[in-house]
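A.B. asks: Chains as they are written, first to last, in the numbering used here: chain A, 1 to 375; chain B, 1001 to 1375.
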C-alpha cells in the first residue's frame, strides 16, 4: 500500500472536502498547504520547526535534486526522508515545470526533453521513464508524472498538443513506476480551455492513478480563469482520491481552491516573499523593510499565535533584515508558513463544523481584498 | 545588586576556577563560552536554540547596535533582552575594539574618539561617558568600559599610552555608570608587555570594578605570548570577581585560558567559520564544502551528541552549503556552538571532580595539534 485517502466529510453547499491522506510517513489532515523544499530544505527552516507547525507533507523538486546533489547519494543514504531528516510525508514533483521554466536550450520531442542545467550548463536528457526511475530512487511518498506544462498564454493548438503529450507521458510513467510503497499522481493540463481540461482529466482518470494534480495553472493567468478551470474539474474528479493544485499558496487562492474541492496545495510564495521581507497578516501583506516599521514595537500580526509574533517586534525583524542577518529571514519565513498553516486549520474546522459555506462567504471578500490583486 | 560571582572550587594544580556568575537574567556556570550576537542576533541562530545548548550569556556589540538600529528604539522596547527576545545573560562590549578595527577616518584624543560609520560613512563622536550611557540604555547585565585597544604589533611606548588612556577612560566610565542593576567590567590592556599588563590591571583593580576583562589579546600575536600575558595576570586578579578573556574561541585557547583562571570567553570564530562551511570536531577542523564529503553519509562528528550530528550527514550539509541554502549555515553554526558548549561542560566537570590537571595534560596536546596552528 502506498497512500490512502479517507474523505471524512463534504461541505453541503460547496465542493470543499475534509479528509485524511495517510502515507507511510504519517497522516496529513486535508485540505493542507505543503511548504516547498526545492533543494531538499524548506529555505531557512528545519524539520523540527515544520513539525511545530503540524506540517504533514512537504514538496521536493526532482529537477533540482537530480542536478544537485544527484539522486545516487540520496538513494544511498536511504532515500529523501532520511537524507533531509524529515519523517513526515513528501511529494516529489517530476521536474516538468522546472524543465520548461528554468532549463536553457530546451529541446522537446515525444520521447522526452533535452535541456541544459541552470547550474553548470551540462546537458541532460529526461524521459518519462527516467523521471519515474529518479523519483522511485528518491522514495518520496508521492511521485508525480512528467507532464508538459505550456506557458500562459498559449494557443488552443499548443495546449492541445501539451495535453496529448502529457497523456502519453503519463501512461509511460505509469508503466515505469515500480515501487508499490510509493503513490503516483497524474498532472491534468489543458490551460484555461474547459474542453481540454476535461479531456486531460478523463484521459488520465482512465489510467487509475493514486491521485490527480491540476497543473498549468498559477502560471500568470488571471485568477478567475484558474477558478473556472477548477470549477470545470471539480465535479468529475474521483471522489475518493486526493486532488492537488500545484503552485498555489496565496491565501485567497487557497480558499477558492478548497471551495472547489482541492485537498493539497504547494507554493514557494510564502517562503520566497518572506526572505524579501514580506509577510502575510490578518490585515494583508506587510513589507517589513519599510521605514515606517523602524520604531514599531508591535508584532508582525497582532492576531497571530506563532512564536515569532509572541516574541519579536516589527522593529527588531526590520533591523535584522536591514542588517543582513539571516535570523530575520528565518523569522519572516516561520511566520508566513505558520500563517498559512493556521488558515488551513481554520478552513478544516469550518468544514468539520459543516459551516464552510458561511465561513467562505465571510472570509472570501477579506482575502480577495488583501491578497486578490497581487501575486 | 547587579551580578554576583561565586567561586565554587579551584583546581589544586592549575589556575582553573569553577564558579557561578549570577545575573538578573539567570546564572552562568563558569568557565563558559559566550556566543556573539553582534547586531542583536547570534548569526543564523535563535534564542530557543541557544537555550537548548544551555547558553547562559551572549555578547552584544555596542558599536553595531548604536549605529543600527540605534539605542533609542532598543531602550524604548524595554532594553536589549526584550528587543532581541533573550531571557538569559547579556554582556555588551564598549565598541572600543570595533572603533579601532572597523571605523574609518578615526581620530582619537584624550576626550574620546571620532569615527565614521562603516555602514553609511556618517560621523560619530564617542566618549567614555557616552559609551557608558549607551550601555546603560541597552541594559545588558554587564557593560564594558571604553578601552583603547592598540593593534599588534605596537611599540612599548604606544602600548603604554594605550594603557594610560584606558585607565583614565575606565575611571570616567566608572563615574558615568548610573545603573545599579548593571555590572561594569574594566578592560586590562598592556599588549604582550608583562609590566604594562600588571600596571593596567593594578590601575583598574584600584577602581573596584565588578569584574575584569583581558583585552588586546587574540589580535594577531602568537598564542604563546597570549598565554604569557594570562600567566602574568592570573595570580594578581581578585579571586572573587569574574575574569573575561575577550575575543577567544579556539578550543585550544579556551582550555589554556581556563588553566590560567579565565571564567568567560567570547568570540565570533565558531559562528563565522561555520557560515563558511568549517566545523569543529573531535578530530579537528573539517571543511565540509570539500568534494571529499560529497558522498559521505557520516555525521559532522561521530562523537558529537548534537541534533545536527544525530540527524544529518556530511553529504547533506555539504549539499545545502553548495546550493546556497541558509539551512546549511544554520546546521554548521549550531554544531560549532554545541561543540564549544560541550567542551566547556567537559572542562567544568573536570574542575568539579578536582581532576582538571590530569584532564589538561591529556587534552591540551590534542587540542593544540588540531587547533593550535590555525586561527
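Every residue, glycine too, gets a C-beta built ideally from N, C-alpha and C. Since the model is a prediction, treat every value here as computed from it, not as a measurement.
My output table needs one value for residue 1124 (chain B): the three-state DSSP class, helix, strand or coil.
C.D. replies: Here residue 1124 (chain B) sits in strand by DSSP.
A.B. asks: By the 10 Å Cβ neighbour count, where 16 or more other Cβ atoms means buried, how is residue 1280 (chain B) classified, buried or exposed?
C.D. replies: Looking at its Cβ environment, which holds 16 or more other Cβ atoms inside 10 Å, residue 1280 (chain B) is buried.
A.B. asks: Below 8 angstroms on the Cβ atoms is my guess for residue 1204 (chain B) versus residue 1186 (chain B); work out the distance and round it to an integer in Å.
C.D. replies: That pair is a contact at about 4 angstroms.
A.B. asks: How about residue 36 (chain A): is its C-beta nearer than 9 angstroms to some C-beta of chain B?
C.D. replies: Cβ-Cβ to chain B under 9 angstroms: no for residue 36 (chain A).
A.B. asks: Whose C-beta lies closer than 6 angstroms to the C-beta of residue 1370 (chain B) among residues of the same chain, with five residues either side of it excluded?
C.D. replies: These residues qualify, in order along the chain: 1284.
A.B. asks: Do residue 329 (chain A) and residue 274 (chain A) count as a contact pair if the criterion is CB distance below 9 angstroms?
C.D. replies: It is a contact, given that the beta carbons lie within the stated cut-off.
A.B. asks: Say whether the region 351–371 of chain A touches the region 295–311 of chain A, bearing in mind that this needs 3 or more beta-carbon pairs closer than 8 angstroms, one atom from each stretch.
C.D. replies: Result no; under three Cβ-Cβ pairs closer than 8 angstroms.
A.B. asks: Determine the direct distance from the alpha carbon of residue 30 (chain A) to that of residue 4 (chain A), and round the result to whole angstroms.
C.D. replies: C-alpha separation (whole angstroms): 12 angstroms.
A.B. asks: Over the uninterrupted alpha helix (DSSP H) stretch that includes residue 1232 (chain B), give me the two end residues.
C.D. replies: That run of the alpha helix (DSSP H) goes 1223–1233.
A.B. asks: Which residues in chain A have a C-beta closer than 8 angstroms to the C-beta of residue 1137 (chain B)? List them in chain order.
C.D. replies: Under the 8 angstroms cutoff, chain A gives no residues; its nearest Cβ is about 15 angstroms from residue 1137 (chain B).
A.B. asks: Near residue 9 (chain A), what residues of its chain come up, given a Cβ to Cβ distance below 6 angstroms and the 5 sequence neighbours on each side ignored?
C.D. replies: Answer for residue 9 (chain A): 18, listed in chain order.
A.B. asks: Could you name the residues of the same chain whose beta carbon sits closer than 7 angstroms to that of residue 221 (chain A), not counting the 5 residues immediately before and after it, in chain order?
C.D. replies: Cβ neighbours of residue 221 (chain A) beyond the five flanking positions: 152, 192.
A.B. asks: Out of curiosity, what's the CA-to-CA distance linking residue 1098 (chain B) and residue 1070 (chain B)?
C.D. replies: Computed Cα separation, rounded: 16 angstroms.
A.B. asks: Distance check for residue 48 (chain A) and residue 367 (chain A), CA to CA, integer angstroms please.
C.D. replies: Using only the alpha carbons, I get a separation of about 29 angstroms.
A.B. asks: Check whether the Cβ of residue 294 (chain A) lies closer than 9 angstroms to any Cβ atom in chain B.
C.D. replies: So yes, residue 294 (chain A) belongs to the interface.
A.B. asks: Along the chain, where does the beta strand (DSSP E) containing residue 184 (chain A) start, and where does it finish?
C.D. replies: Here the beta strand (DSSP E) through residue 184 (chain A) covers 183–188.
A.B. asks: Kindly give me the distance between the Cβ atoms of residue 1044 (chain B) and residue 327 (chain A), rounded to whole angstroms, as I take these residues to be in contact under 8 angstroms.
C.D. replies: Their Cβ separation, rounded to whole angstroms, is 6 angstroms, which keeps residue 1044 (chain B) and residue 327 (chain A) in contact under 8 angstroms.
A.B. asks: Taking any Cβ of chain A, which residues in the region 1082–1096 of chain B have a Cβ under 8 angstroms from it, in chain order?
C.D. replies: Under the 8 angstroms Cβ criterion, the region 1082–1096 of chain B contributes 1083, 1084, 1085.
A.B. asks: Which bits of chain C does residue 320 (chain A) rub up against, with CB to CB less than 7 angstroms?
C.D. replies: Although the question refers to chain C, the structure presented lacks it and instead comprises the protein chains A and B.
A.B. asks: Mark residue 292 (chain A) as exposed unless 16 or more other C-beta atoms lie within 10 angstroms of its C-beta, in which case mark it buried.
C.D. replies: So residue 292 (chain A) ends up on the exposed side.
A.B. asks: Below 8 angstroms between beta carbons is the criterion; list the residues of the region 323–335 of chain A that meet it against any residue of chain B, in chain order.
C.D. replies: Cβ contacts with chain B: 323, 325, 326, 327, 328, 329, 330, 331.
A.B. asks: Relative to the alpha-carbon of residue 1083 (chain B), which residue among A:150, A:214, A:308 has its alpha-carbon at the smallest distance?
C.D. replies: Nearest option by C-alpha distance: A:308.
A.B. asks: Any beta carbon of chain A sitting closer than 9 angstroms to that of residue 1152 (chain B)?
C.D. replies: It does not; no Cβ of chain A falls within 9 angstroms.
A.B. asks: Would you kindly work out how many angstroms separate the C-alpha atoms of residue 1242 (chain B) and residue 1189 (chain B), rounded to a whole number?
C.D. replies: Answer to the nearest angstrom: the Cα atoms are 17 angstroms apart.
A.B. asks: What does residue 312 (chain A) reach in chain B if we use C-beta pairs closer than 7 angstroms?
C.D. replies: Here the neighbours are 1085.
A.B. asks: Kindly list, in the order they appear in chain B, the residues whose Cβ is closer than 8 angstroms to that of residue 46 (chain A).
C.D. replies: Those within 8 angstroms of residue 46 (chain A) in chain B are 1327, 1330, 1331.
A.B. asks: Could one say the Cβ of residue 315 (chain A) lies closer than 9 angstroms to chain B's Cβ atoms, at least one of them?
C.D. replies: With 9 angstroms as the cut-off, residue 315 (chain A) counts as an interface residue toward chain B.
A.B. asks: Determine, using beta carbons only, whether residue 1278 (chain B) comes closer than 9 angstroms to chain A.
C.D. replies: It does not; no Cβ of chain A falls within 9 angstroms.
A.B. asks: Could you name the residues that DSSP lists as bridge partners for residue 167 (chain A)?
C.D. replies: Partner(s): none; residue 167 (chain A) has no beta bridge.
A.B. asks: Quick one: is residue 1348 (chain B) buried, meaning 16 or more other Cβ sit within 10 Å of its Cβ, or exposed?
C.D. replies: It is buried - the Cβ of residue 1348 (chain B) has at least 16 other Cβ atoms within 10 Å.
A.B. asks: Return the residue from the list A:212, A:217, A:142 that minimises the CA-CA distance to residue 183 (chain A).
C.D. replies: Taking only the C-alpha atoms, the option nearest residue 183 (chain A) is A:142.
A.B. asks: I want to verify the contact list: residues of chain B whose CB lies under 7 angstroms from the CB of residue 366 (chain A), in sequence order.
C.D. replies: Near residue 366 (chain A) there are no residues of chain B at all, since even the closest Cβ is about 30 angstroms away, more than 7 angstroms.
A.B. asks: With respect to the alpha helix (DSSP H) encompassing residue 308 (chain A), which residues constitute its N-terminal and C-terminal limits?
C.D. replies: Note, residue 308 (chain A): alpha helix (DSSP H), 307–311.
A.B. asks: Assuming residue 1134 (chain B) contacts residue 1066 (chain B) (C-beta within less than 8 angstroms), just tell me the rounded distance between them.
C.D. replies: Rounded, the Cβ-Cβ distance is 5 angstroms, consistent with contact.
A.B. asks: Cα separation between residue 1331 (chain B) and residue 1318 (chain B)?
C.D. replies: Those two C-alpha atoms are separated by around 10 angstroms.
A.B. asks: Going along the region 56–70 of chain A in order, which residues come within less than 7 angstroms of chain B, judged by CB to CB distance?
C.D. replies: Listed by position along the chain: 68, 69.
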